[in-house]
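Engineer: Protein chains in written order, with the numbering used here: chain A, 1 to 309; chain B, 310 to 618; chain C, 619 to 927; chain D, 928 to 1236.
Here's a structure for you.
There are 4 protein chains.
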Amino acid sequence: MAAERINESTRGVYVISPTPFGEDGSLDLASTDRLADFYLDKGVTGFTILGILGEATKLTPDESRLFLHRYLKRIGGAKPVIVGASNPGTDNLVRFSQGAMEAGAAGVMVAPIPGLRTDDQVYAYFETVLSRLEGIPVCYQDYPQTTGVWTSVAVLHRLIDAFPNLVMLKHEESPGLTKITKLRERSDKGEGRRISILVGNGGLHLPQELRRGVDGAMTGFAYPEMLVEVCRRFFDGDKEGAEDVFDRYLPILRHEQQLGFGFAVRKEILRRRGAIATAHVRHPGPKLNPRDIQELDELMARLDTKLKD
Amino acid sequence: MAAERINESTRGVYVISPTPFGEDGSLDLASTDRLADFYLDKGVTGFTILGILGEATKLTPDESRLFLHRYLKRIGGAKPVIVGASNPGTDNLVRFSQGAMEAGAAGVMVAPIPGLRTDDQVYAYFETVLSRLEGIPVCYQDYPQTTGVWTSVAVLHRLIDAFPNLVMLKHEESPGLTKITKLRERSDKGEGRRISILVGNGGLHLPQELRRGVDGAMTGFAYPEMLVEVCRRFFDGDKEGAEDVFDRYLPILRHEQQLGFGFAVRKEILRRRGAIATAHVRHPGPKLNPRDIQELDELMARLDTKLKD
Amino acid sequence: MAAERINESTRGVYVISPTPFGEDGSLDLASTDRLADFYLDKGVTGFTILGILGEATKLTPDESRLFLHRYLKRIGGAKPVIVGASNPGTDNLVRFSQGAMEAGAAGVMVAPIPGLRTDDQVYAYFETVLSRLEGIPVCYQDYPQTTGVWTSVAVLHRLIDAFPNLVMLKHEESPGLTKITKLRERSDKGEGRRISILVGNGGLHLPQELRRGVDGAMTGFAYPEMLVEVCRRFFDGDKEGAEDVFDRYLPILRHEQQLGFGFAVRKEILRRRGAIATAHVRHPGPKLNPRDIQELDELMARLDTKLKD
Amino acid sequence: MAAERINESTRGVYVISPTPFGEDGSLDLASTDRLADFYLDKGVTGFTILGILGEATKLTPDESRLFLHRYLKRIGGAKPVIVGASNPGTDNLVRFSQGAMEAGAAGVMVAPIPGLRTDDQVYAYFETVLSRLEGIPVCYQDYPQTTGVWTSVAVLHRLIDAFPNLVMLKHEESPGLTKITKLRERSDKGEGRRISILVGNGGLHLPQELRRGVDGAMTGFAYPEMLVEVCRRFFDGDKEGAEDVFDRYLPILRHEQQLGFGFAVRKEILRRRGAIATAHVRHPGPKLNPRDIQELDELMARLDTKLKD
């Protein structure tokens, strides 16, 4: 039942999925099915679950397992599912990753733990993690705005050279356009392995990032059909057409992309679109107030108008 | 020759001006005149000089004075000029502010010094600064992404109540939409003085911020005519029309808005538009490489096309 | 079998206990018993387990429960045991706290989650946590060097006034001597409830902190008998005698007090003293190299010499 | 009149000097002379002025020059004087450094600017700075607790290999003992140039740092005669005797070593010792309250008693 595993050539749109809850905060398994169907219907290439947007650190281990299995069962091997495995303890990280792979995951995503400073510290942490995850395809989540850890291009090159199971970079350092170019220049010159790069940050710079050589997006933008269409057009050679599609959604994308707060916006849009039953975020987490709701009404109405043009 | 001073009712677009340099890094006074003219021509309401974009900390005190006087002379009192006065030492801050006001500035802008943590620490710092700047209209620069200092709504309320010379907030905390609403709710209820709020962050959320009650923008976006037109339409009651104008520029605005890096993009656009002779940024500072230049070509070409539609 | 719960009058030395592991990293329950006995033998007033030193975030939930029950069983109600309950999710925090109290804990310790900035944000987080922990005595861990969250005296006063279950402050902001004085001045004037204050940071400033009004120490210093003796002398009125004892241990205390690294030093000293079988720290964590070991030999030898004088 | 310049073999105690002010905050030149004499009398090897303790960023450029010249004149070439030259702008940094050298300085000290993250970013910054300071001996101030910039051993090795004018490291990363060992191991193996290492952090770990191979201390501890005596004994082969001297001062040293706050303690002790006329610190800066003063009385009295034993 397991889909193909992720690898260096993985391309497309991997949607970051939230975890749906009921109004009382309990795990909502019916919405889990609905959400998976919603994304499949929008044409995504794959899924990433139990990441930051998935509120993974607020679930119990039992809830994580339950959610993971439900998701994988619903997808039924039709598409790859990457599972967030970041953990303050490496033993727990490895154990959870192995369990996820046995359950049918296509790979795991790991971010550096907070507190790593120098190049050698970041390298040493991943040296241990990637060694212990031997045989499991790993996506490196490079998100310094949240982790406080800055991963240099040099460290990525060293890790790419040393660990064949590092197959993907979730790129969301910002600003980070030049980082993409540097990574691609090296593999283009044949000086190192080319790995898959999918971009995060809500896709805020997706057209520019595609032009610089990324393979797609991995983000939770609540209109994933836009990301799918942008990538489709771009890889079909229609760069300007891809950007035209993107630009129409940009106003709401940049609104949803507000760090922390945007999280609640995203769940509310998914609720309005019928993908989940409630927009509940577990405590601690952002909440929309009436003024925020009104603002979202206005932005969604403007998008509807544009899409009808 | 001095224009009116800023006050609680100040409204419109205050453009944040860079400091133009020659290729050799020396102060370019001819471009200073040209830049001031360019902004006047685009219809800005006022100016802010010697801020972060103005590379103030990389000038010598003599250069700061020279630039300030040249700018004020060129504007000739036609429009208000706010002068950045943040300084690690309060004596220097006060002395420089007094000099700027004597030279004809309309007010000064001050950000909290790095290292302030709690509400009381932020308040205590500004208590001293605002006391010592008595009689000088002050704009509070609230930019935690750069200063690392988070100013609560509660602290702003306390300062507004205690210091009549605090007349303006440069709002650029992000996310920060709710902060605007909270500030306006209090003055709307008559529970405190209403001060001017101009938004920064390149204007990334300007339409939403205007709807929440701000008085305009204070930012260095290299197409200030857009900001002017958005504000004009908005204050004329055409909210949707304002947002339509905004949306056309949003792709390049969000590109220019990359923290740190965007700085070099901005100077390069101003150079291309004939406002300054070179895009030189003093060391340490960002620099565009050929790939960045090509990307900017593409984005500017797309904007041109849209503006012709 | 449960000891008395902690309350506003709690005084003495609460030792922060590490979690002992075998060489293979597995939980070492035999050493758990030995460690508890060691501390009892040194005369501590109480215990704090599953904190940062306890590597709580690197245990599985099952290991946490197992360790907690083993510890409580060994102590057998002879002394109070506080249990670290900090958690990224509030539901998990509350559930775990309730379980710990049912198992016989004397209270729980909670630190603010990373990312809280302003006074109101810190207050709001604890407002929820303390409300949901109603009826459970809570120790507030105030350790900004690790959490990045700075709790003002004003916030503590508000929380003390609103939540009777906030009975203790683990004070380890540094520098933080004035904070103690401000907290005590208010309750001395009768303007607010007096709560227990125990100091952390290895006890680096313990004599000065006692003179400013704290009730003792809560720290993992590997010679807890010194903390016990210092507090005994101090509360017996012999302030200078207390400080004399302290000063003899200060060289090794300040060595052990190195943030992060000191953690490994502490476990190694405890191993040498026969309290635990191995000094193993789970990954990621600090490790002593041969040069570090030699240095510790020298410092421990110097302490032995001094104690013989 | 200039003393010898610093170089890779520089050894001893370089005292970090504060800048003395009058009660009204003005530069106190008489105290400047007195302070220089005080330090000479205590046997220091050299001086460092206009650093963080020197409140350099709160002086006007004219005050900096005036103070620098007065200091150099008073020392009269008897001892080397290093001048702090860190600056947000590299042009200003270079210009000031050249002026200081012309005035008779023995070298300059430069810290990385805030905001540098990866190894390559730190290297690139110093590559430019050290190139532009060619011919001027430079001390690298490695103080991440204040700058937020973490310099790896790998970066230091690269800089040592590439820039002969990098002759000294002011080591104050904390914890940082292993960093010293790694730097020394490389030069001991003949794999790179050996540079001078002087330690900061008030000398908190000086005996251990000397044993690991540093050449002395560069710090503002208000009893520099202790640092001098510790180094003298250590380099005479009496390691234990050196540490005995150190331990007697450790209680007050660790009190003075409180980040930020200790600054005011230090100036107050220097005032009491007759080295400066007032303990005034310019705004913004720490201030001692009556309770702090009383605490210092107690600690100084205890030191006096110990020294008489």
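Glycine residues also receive a C-beta, built at the ideal position from the N, C-alpha and C atoms.
Since this is a predicted model, take the numbers as computed values, not measurements.
1. Along the chain, which unbroken stretches of the beta strand (DSSP E) at least 3 residues long are found entirely within the region 1152 to 1197 of chain D?
2. Taking the DSSP output, what are the residues bridged to C:G702?
3. By the three-class DSSP mapping on this structure, what secondary structure does A:T48 have?
4. If the cut is a Cβ gap below 8 angstroms, which residues of chain B does C:R804 touch?
5. Can you tell me whether C:D646 is buried or exposed? The criterion is at least 16 other CB atoms within 10 Å of its CB, across all chains shown.
6. Return the CA-CA distance between A:P175 and A:G192, expressed in angstroms with no decimal places.
7. Since D:I976 and D:V1010 are thought to touch, with beta carbons under 8 angstroms apart, how far apart are those beta carbons, to the nearest angstrom?
8. Would you tell me roughly how many angstroms separate the C-alpha atoms of C:D854 and D:L1230, rounded to the nearest one?
9. How long is the line joining the alpha carbons of C:T650 and C:D642, rounded to whole angstroms?
10. With DSSP as the reference, identify every bridge partner of B:F330, one or two as the case may be.
11. Within 10 angstroms of the Cβ of D:D1174, are there 16 or more other Cβ atoms? Answer buried if so, exposed if not.
12. Check each residue of the region 104 to 130 of chain A: if its Cβ is closer than 7 angstroms to any Cβ of chain D, include it; give the result in chain order.
13. Determine the direct distance from the alpha carbon of A:C231 to that of C:N710, and round the result to whole angstroms.
14. May I ask you to list, following chain order, the residues of the region 1075 to 1106 of chain D that have a beta carbon less than 7 angstroms from some beta carbon of chain A?
15. Would you say D:F1162 faces chain C, with C-beta separation under 8 angstroms as the test?
16. Measure the C-alpha to C-alpha separation of A:A85 and A:L53 and round it to an integer number of angstroms.
17. Measure how close the beta-carbons of A:L299 and A:E268 come, nearest whole angstrom, since I'm counting them as under 8 angstroms.
18. Excluding five sequence neighbours on each side, which residues of the same chain lie with their C-beta closer than 7 angstroms to the C-beta of C:F839?
19. Along the chain, where does the beta strand (DSSP E) containing C:S792 start, and where does it finish?
20. Just verifying my parser: in three-state terms, what is the DSSP assignment at C:I693?
21. Run through chain C and tell me which residues come within less than 7 angstroms of A:P61, C-beta to C-beta.
22. Could you give the first and the last residue of the continuous alpha helix (DSSP H) run that contains A:T146?
23. Shortest alpha-carbon distance to A:L116 belongs to which of A:D142, A:P18, A:A103, A:D188?
24. With burial defined as no fewer than 16 other Cβ atoms inside 10 Å of the residue's Cβ, what is the status of A:T219: buried or exposed?
25. For the alpha helix (DSSP H) that C:R906 lies in, which residues bound it at each end?
26. Please check the pair C:A724 and C:I813, which I expect to be a contact at CB under 8 angstroms, by giving their CB distance rounded to whole angstroms.
27. Once the 5 residues before and after D:E990 are set aside, which same chain residues still bring their CB inside 7 angstroms of it?
28. Return yes when the Cβ of A:T45 is within less than 8 angstroms of the Cβ of A:G99, no when it is not.
29. Identify which residue in D:C1066, D:G1187, D:T1232, D:D1236 has its Cα closest to the Cα of D:G1212.
30. Judging by CA-CA distance, which residue of D:K1106, D:Y941, D:E935, D:P947 is the nearest neighbour of D:A1202?
31. When you compare the CB of A:D238 with every CB in chain C, is at least one pair closer than 8 angstroms?
32. Could you round the C-beta distance between A:G135 and A:N165 to whole angstroms and report it? I think they count as a contact, below 8 angstroms.
33. Roughly how many angstroms separate the alpha carbons of B:A365 and D:L1110, rounded to a whole number?
34. Under three-state DSSP, which class holds D:V1080?
35. With distances taken from CA atoms, which of D:S936, D:V942, D:P945, D:F965 is nearest D:R1200?
36. Do you know offhand how far D:R1085's Cα is from B:H466's?
Structural biologist: In short, the structure shows the following:
1. none
2. For the purposes of this step, residue 702 of chain C is taken as the residue at position 84 of the third sequence. Bridge partners of C:G702: C:M727.
3. The residue you call residue 48 of chain A lines up with position 48 of the first sequence. The answer is strand: DSSP assigns A:T48 an E or B state.
4. Numbered from 1 along the third sequence, position 186 holds the residue referred to as residue 804 of chain C. Ordered by position in chain B, no residue passes the 8 angstroms Cβ test against C:R804, which lies about 14 angstroms from the chain.
5. Your numbering for residue 646 of chain C matches position 28 in the third sequence. So C:D646 counts as buried.
6. Numbered from its first residue, the first sequence carries residue 175 of chain A at position 175. Numbered from its first residue, the first sequence carries residue 192 of chain A at position 192. Their Cα atoms are separated by approximately 24 angstroms.
7. In the fourth sequence, residue 976 of chain D corresponds to position 49, counting from 1. In the fourth sequence, residue 1010 of chain D corresponds to position 83, counting from 1. Their Cβ separation, rounded to whole angstroms, is 6 angstroms, which keeps D:I976 and D:V1010 in contact under 8 angstroms.
8. For the purposes of this step, residue 854 of chain C is identified with residue 236 of the third sequence, where counting begins at 1. For the purposes of this step, residue 1230 of chain D is identified with residue 303 of the fourth sequence, where counting begins at 1. Looking at the two C-alpha atoms, the distance is approximately 23 angstroms.
9. The residue you call residue 650 of chain C lines up with position 32 of the third sequence. The residue you call residue 642 of chain C lines up with position 24 of the third sequence. In a straight line, the C-alpha of C:T650 is about 16 angstroms away from that of C:D642.
10. As a first step, residue 330 of chain B must be located in the second sequence, where it is residue number 21. Its beta-bridge partners are B:L336.
11. Sequence index remark: in the fourth sequence, residue 1174 of chain D carries index 247 (1-based). Label assigned to D:D1174: buried.
12. R117, T118, D119, D120
13. As a position in the third sequence, residue 710 of chain C is number 92, starting the count at 1. As a position in the first sequence, residue 231 of chain A is number 231, starting the count at 1. Roughly 39 angstroms separates the two Cα atoms.
14. W1077, S1079, A1081
15. Sequence index remark: in the fourth sequence, residue 1162 of chain D carries index 235 (1-based). It does not; no Cβ of chain C falls within 8 angstroms.
16. As a first step, residue 85 of chain A must be located in the first sequence, where it is residue number 85. As a first step, residue 53 of chain A must be located in the first sequence, where it is residue number 53. When rounded, the distance between both Cα atoms is 13 angstroms.
17. Sequence index remark: in the first sequence, residue 299 of chain A carries index 299 (1-based). Sequence index remark: in the first sequence, residue 268 of chain A carries index 268 (1-based). Actually they are not in contact, since the Cβ atoms of A:L299 and A:E268 sit about 11 angstroms apart, beyond 8 angstroms.
18. Here residue 839 of chain C is taken as the residue at index 221 of the third sequence, counted from 1. Only G820, G821, L845, L871, E874 meet the Cβ criterion.
19. Taking the first residue of the third sequence as 1, we reach residue 792 of chain C at position 174. That residue, C:S792, is in no beta strand (DSSP E); it is neither H nor E in DSSP.
20. Along the third sequence, read from residue 1 onward, the residue named residue 693 of chain C stands at position 75. Reduced to three states, the DSSP call for C:I693 is helix.
21. Counted from its first residue, the first sequence places residue 61 of chain A at position 61. Within 7 angstroms Cβ-Cβ: P679.
22. For the purposes of this step, residue 146 of chain A is identified with residue 146 of the first sequence, where counting begins at 1. It spans 144 to 147 - the alpha helix (DSSP H) in which A:T146 sits, taken as one unbroken run.
23. Here residue 116 of chain A corresponds to residue number 116 of the first sequence, with the count starting at 1. Cα-wise, what sits closest to A:L116 is A:D142.
24. For the purposes of this step, residue 219 of chain A is identified with residue 219 of the first sequence, where counting begins at 1. Buried, because 16 or more other Cβ atoms sit within 10 Å of the Cβ of A:T219.
25. Position 288 of the third sequence, counting from 1, holds the residue named residue 906 of chain C. Reading the sequence as shown, one finds Leu at residue 906 of chain C and not Arg. Careful: C:L906 lies outside any alpha helix (DSSP H) and carries neither H nor E.
26. Counted from its first residue, the third sequence places residue 724 of chain C at position 106. Counted from its first residue, the third sequence places residue 813 of chain C at position 195. At roughly 15 angstroms, the Cβ-Cβ gap does not stay under 8 angstroms, so C:A724 and C:I813 are not in contact.
27. Position 63 of the fourth sequence, counted from the first residue, corresponds to residue 990 of chain D. Cβ neighbours of D:E990 beyond the five flanking positions: L954.
28. If you number the first sequence from 1, residue 99 of chain A lands on position 99. If you number the first sequence from 1, residue 45 of chain A lands on position 45. Taking 8 angstroms as the Cβ cut-off, A:G99 and A:T45 do not qualify as a contacting pair.
29. Taking the first residue of the fourth sequence as position 1, residue 1212 of chain D is located at position 285. Answer by Cα proximity: D:G1187.
30. Within the fourth sequence, residue 1202 of chain D is the residue found at index 275, counting from 1. Among D:K1106, D:Y941, D:E935, D:P947, the Cα nearest to that of D:A1202 belongs to D:P947.
31. Stepping through the first sequence from its first residue, residue 238 of chain A is reached at position 238. No - not a single Cβ of chain C is within 8 angstroms of the one on A:D238.
32. Counting from 1 along the first sequence, the entry for residue 135 of chain A is found at position 135. Counting from 1 along the first sequence, the entry for residue 165 of chain A is found at position 165. Their Cβ separation, rounded to whole angstroms, is 7 angstroms, which keeps A:G135 and A:N165 in contact under 8 angstroms.
33. If you number the second sequence from 1, residue 365 of chain B lands on position 56. If you number the fourth sequence from 1, residue 1110 of chain D lands on position 183. Taking the straight line joining both Cα atoms gives about 37 angstroms.
34. Position 153 of the fourth sequence, counting from 1, holds the residue named residue 1080 of chain D. D:V1080 falls in the helix class under three-state DSSP.
35. Working through the fourth sequence from its first residue, we reach residue 1200 of chain D at position 273. Ranking the options by Cα distance to D:R1200, first place goes to D:F965.
36. Residue mapping note: residue 1085 of chain D aligns to position 158 of the fourth sequence, counting from 1. Residue mapping note: residue 466 of chain B aligns to position 157 of the second sequence, counting from 1. Going by the C-alpha atoms only, they are around 51 angstroms apart.
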